[in-house]
Every structure is written in structure tokens, then in C-alpha cells.
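Residue numbers (the working numbering): 2 to 478.
Positions of the beta carbon are idealized from the N, C-alpha and C atoms, including for glycine.
Contents: one structure, followed by commentary.
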Ligand code: ZN
């Protein structure tokens with residue numbers, strides 16, 4: 002009896018559920034279509050540069066057994082080449098009613114940067130300083146991130162780390178060795194070659210030193226060697242340093258203590274500085290340098306006063322004890338046309354020098370030197386240099402060529418090179434005749450270096466006189 006009543010109640014409940022839930026659902030579904038989109042998600046996360054797939058739509062009449070694919074329109078677009086959030090609206094119109102579904106698309110970068118270490122072996126200073134390692138970091142979205150890489154030393158390993166703008170991080174860890182192989186670097190203050198006059202003062206300017214692992218080591222530089230300014234000669238100073246790992250470096254400075262020039266000294270290795278083609282705008286500066294060292298030189302002059310009058314410079318050179326030699330009045334190679342054209346030109350410059358100084362110069366240098374061949378283009382085949390070499394001597398002149406060319410006639414315009422060109426050719430002979438041109442500033446600037454070197458190495462600078470041993474070239478025309 003009791004169980005009958007329970008069955009009745011259950012049946013009643015089932016009828017009630019059927020009437021109140023199932024019947025309305027079925028009836029409602031029949032008349033009200035439901036818009037569904039296949040594979041639809043409210044939020045879609047899309048990787049940078051991956052393509053966006055549109056979901057397809059269908060409409061169902063209340064139950065899944067009665068669905069039809071329909072054309073679904075879509076509003077909004079996704080640019081997967083730009084990170085960000087995009088809204089897409091799916092739409093379907095049925096019986097003048099618009100059904101919509103909203104979707105949020107997130108374009109994100111989830112790819113971490115690529116980090117490449119180029120160094121095969123990593124080393125670091127025993128004190129923990131790290132050298133600049135070689136590496137590159139690139140990111141699919143941010144591009145080159147090499148300068149964003151952080152480097153850290155930890156338990157004998159170097160940690161490289163880089164994060165892209167979306168927070169994706171790449172770590173690399175590489176074993177490293179504590180090793181200091183780098184030598185300290187020493188830089189001299191002042192020149193590496195210094196000239197000091199006898200009994201003058203040598204001022205020690207010192208040097209600075211730095212080391213990759215130890216940093217500034219300037220105050221640990223040791224200087225060995227002495228300079229005795231009371232003895233002319235060459236002195237070597239050595240600046241040396243040892244870093245905390247035992248790496249050694251040293252540099253040297255050469256100090257020359259030189260005697261002032263004594264051009265009246267009776268014998269010895271002699272240098273005759275000769276200057277052709279002047280005077281010019283740099284000649285006075287040259288005279289100042291010569292005066293400073295008590296050096297007397299020889300000026301083979303031309304009539305360069307066509308635009309500016311340099312008569313006073315010739316006079317000054319003469320009065321200061323230099324030899325005024327004769328080069329050419331016009332310095333045109335057409336003087337080599339014949340004997341008359343040559344001597345007309347020579348006498349013109351001789352007269353000019355005499356007018357300015359009162360001195361009749363008979364010391365000459367042929368334009369182009371006695372070995373020149375350019376004269377053969379003017380002399381009609383008469384071998385004029387062979388004739389002139391004899392003729393000038395017969396008329397009481399002496400001609401001088403040179404045995405050291407400074408190279409200032411076109412090969413170089415570098416002052417240091419000119420100094421080197423000259424000093425490197427100085428040896429133990431007794432007569433060195435140097436060719437320079439005082440109309441070239443870079444050559445005039447080289448004179449002080451040549452003098453300092455010469456004085457420090459036992460040479461005497463002399464002016465050419467009629468008694469000076471001649472230096473003659475081989476005559477080619
Ligand atoms: Zn010349």
C-alpha cells in the first residue's frame with residue numbers, strides 16, 4: 002500500500018517535469034531559431050603572425066537535429082602582425098531579426114628571443130671583471146635585442162639573459178675560466194723621443210698605465226734608466242709594470258742630450274742643410290729654428306719676389322751667417338737652351354744677391370741638379386749639362402749637388418717622413434748634403450727634428466763655403 006503511493010508520486014513528478022520543462026523547450030525551439038557558430042570561443046589567443054581562422058556558423062531550430070548552415074557575416078579584423086586585442090562580431094539575419102556573437106581575439110608573442118654566444122671559450126678576470134663577450138640576441142617581434150642582454154658571473158659560469166617586450170625570457174649559462182692574459186697598457190706622457198740641450202733640464206713627464214683586470218695602475222709604474230744632462234749622448238728610459246696576475250709590459254723613451262752646434266769645429270761628420278727655390282713664406286720661420294740651434298745652412302735662392310719681395314729675408318739669412326747660393330733667377334728649364342741663356346739667368350740672380358747683400362756669390366746649384374735630363378728637352382742635343390759643369394768651374398763658380406734627398410719634392414708631404422728620410426741616411430761619412438725646399442712648409446717643419454737628431458748623434462751642421470768638399474752627381478746630359 003505504501004509502495005503504491007510512492008510510485009504515484011514519482012509518476013506525478015515525471016509528468017510535471019515533462020509538462021513544465023520539456024514541452025515548453027520543444028515548443029519554444031520550434032518557433033525561435035537559435036544562432037550557433039561552430040568552434041566558437043568567446044576569447045581566442047593567437048600567436049604573432051599566425052593566421053586567424055573564421056569560425057563557421059549555422060542556425061538550429063531548437064534542437065541539434067534541425068540545424069542548417071547559414072552565411073555568417075563578420076565585422077572587424079585581426080592584424081596578426083601587431084600585438085593587441087581585437088573584437089570580431091559574427092552576425093546572422095533571420096526573419097528581419099539580427100543575431101550577433103562577440104569574439105575577442107588576442108594577438109600575443111609567446112616566442113622567446115634567440116640568444117647566440119659566439120665566444121668558444123669564456124674567460125673572466127680573477128677579480129670578477131668580465132671582458133666584453135661576443136653574442137647576439139634576436140627576437141621574432143622586437144628584432145635585434147643584443148644590447149638588452151644582461152651578463153652576470155655566478156659560480157664560475159656566465160649567465161646571459163634577455164627579455165623581449167612581451168616578457169618572454171631566454172637564459173643561457175656557460176662555463177667560464179678565471180684567467181688574466183691581458184697585458185697592462187702603458188702610454189707615455191710626452192714624446193717617445195726627447196731632445197735636451199747639454200746642461201739643460203730633462204723633465205720627466207711620466208706615463209699612465211691601465212690594465213683590463215686591475216684598472217688604473219699608473220702609480221705602480223717603475224721607471225728605470227737615467228739621463229745625465231751634463232753628458233751629451235743617447236739615454237734610454239724604461240717604464241714597466243706588472244699586473245696582479247703577473248702580466249708584464251714596458252715601453253721606452255729615448256732621450257738625447259745634445260751639444261749646441263759648433264759649425265767652426267775643424268773636423269767630424271758634417272751635415273750641410275741646403276734649401277732650394279726660396280725664399281718664401283716659411284723662410285723666416287726656418288731662420289728662427291736655425292738660430293735656436295746655432296746651425297748655419299745654405300740657401301740656393303731664386304728670384305721668387307715676383308709677387309712678394311723677399312729681399313729682406315735674403316739679407317737676414319746672409320747677416321745671420323748662412324750661405325746665399327745661386328739657384329736660378331727664373332727657375333725655368335728654358336735656361337738650358339744654350340750657354341748664353343744659362344749664364345744670363347745665373348748672372349741675373351748673382352747680381353740680385355749682390356745688390357741685396359753686397360756679397361758676390363759663386364756657389365751654385367743647377368735647377369734639377371747636374372744629373373738632370375730635363376735639359377735635353379731644351380738644348381737641341383748639345384749635351385748642355387756636360388758643357389755647363391766645365392764652364393761654371395772655369396768661370397770661378399763651384400756647383401753642389403746633394404747626397405741626401407729629403408723627399409720633399411713630391412714623394413712625401415709628411416713632416417715626420419721627411420725627418421726619417423734624412424736621418425736614416427746619416428752614417429759615418431764626413432759630408433752629408435741634404436736637399437730641402439724652404440717653400441714647402443712641411444719640409445721646413447722637419448728641420449728642427451733633423452737638427453736635434455744630428456746634434457745628438459755627433460754631427461756638425463755647416464754652411465757651404467768655397468772650401469767645402471763638393472758632392473757631384475753623375476752627369477746624364
Ligand atoms: Zn729648384
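For residue 73, the first and last residue of its enclosing beta strand (DSSP E): No beta strand (DSSP E) holds residue 73; DSSP gives it neither H nor E.
Unbroken beta strand (DSSP E) run spanning residue 103, endpoints: 98-109
Touching by the beta-carbon criterion (3+ pairs, under 8 Å), the stretch 456-467 and the stretch 294-303: yes
beta-carbon residue 328 near the ligand MG non-hydrogen atom, thresh 7 Å: Judged by which ligands are present, the ligand MG is missing from the structure shown, whose ligands are the ligand ZN.
For residue 209, the nearest candidate out of 98, 292, 234, 241 (CA to CA): 241
Length of the line joining the Cα atoms of residue 248 and residue 213: 11 Å
Contact check, residue 91 vs residue 71, beta carbons under 8 Å: Result no, Cβ atoms of residue 91 and residue 71 do not sit closer than 8 Å.
Closer than 7 Å: residue 368 CB and nearest the ligand ZN heavy atom: Indeed, a heavy atom of the ligand ZN lies less than 7 Å from the Cβ.
Delimiting residues of the alpha helix (DSSP H) encompassing residue 291: 284-293
Delimiting residues of the beta strand (DSSP E) encompassing residue 140: Where residue 140 is concerned, the enclosing beta strand (DSSP E) stretches over 136-140.
Residue 145 in three-state terms, based on DSSP: strand
The ligand ZN heavy atom lying under 7 Å from the CB of residue 474: no
Three-way DSSP call (helix, strand, coil) for residue 7 in this model: helix
N-terminal and C-terminal residue of the alpha helix (DSSP H) that residue 209 is part of: Bounds of any alpha helix (DSSP H) do not take in residue 209; it lies within the beta strand (DSSP E) bounded by 208-212.
Beta-carbon contacts of residue 266 that lie in its chain and below 8 Å, excluding the five residues immediately before and after: 461
Rounded separation between residue 146 and residue 100 - CA only: 47 Å
Beta-carbon proximity of residue 203 to residue 194, cut-off 8 Å: In this structure, the beta-carbon distance from residue 203 to residue 194 does not fall below 8 Å.
Check whether residue 38 and residue 88 have beta carbons under 8 Å apart: The beta carbons of residue 38 and residue 88 sit no closer together than 8 Å.
Option in 128, 466, 272 with minimal Cα separation from residue 432: 272
Selection from 257, 188, 6, 76 that minimises the alpha carbon distance to residue 224: The residue with the shortest Cα to Cα distance from residue 224 is 188.
Near the ligand ZN: residue 1 beta-carbon under 7 Å from a heavy atom: Coverage of the chain is limited to positions 2 through 478, which leaves residue 1 absent and any answer about it impossible.
Delimiting residues of the beta strand (DSSP E) encompassing residue 432: 432-438
Local conformation of residue 462 per DSSP, three classes: strand
Terminal residues of the alpha helix (DSSP H) in which residue 317 lies: 312-320
Contact check, residue 402 vs residue 370, beta carbons under 8 Å: yes
Spatial distance of residue 443 from residue 319 (CA atoms): 23 Å
CA nearest to the CA of residue 215, picked from 128, 235, 151: 128
Beta-carbon separation (whole angstroms), residue 165 vs residue 110, contact threshold 8 Å: 7 Å
Which of helix, strand or coil DSSP assigns to residue 232: coil
Assigned secondary structure, residue 401 (DSSP; H/G/I helix, E/B strand, else coil): When DSSP states are grouped into helix, strand and coil, residue 401 belongs to the coil group.
Beta-carbon proximity check, residue 400 vs residue 376, cutoff 8 Å: no
Cβ-heavy atom distance, residue 278 to the ligand ZN, below 7 Å: yes
Helix, strand or coil at residue 37 [DSSP, three-state]: strand
Among 434, 446, 118, nearest to residue 286 - alpha-carbon criterion: Measuring from the Cα of residue 286, the nearest candidate turns out to be 446.
Best match in 132, 121, 113 for proximity to residue 144 [C-alpha to C-alpha]: 113
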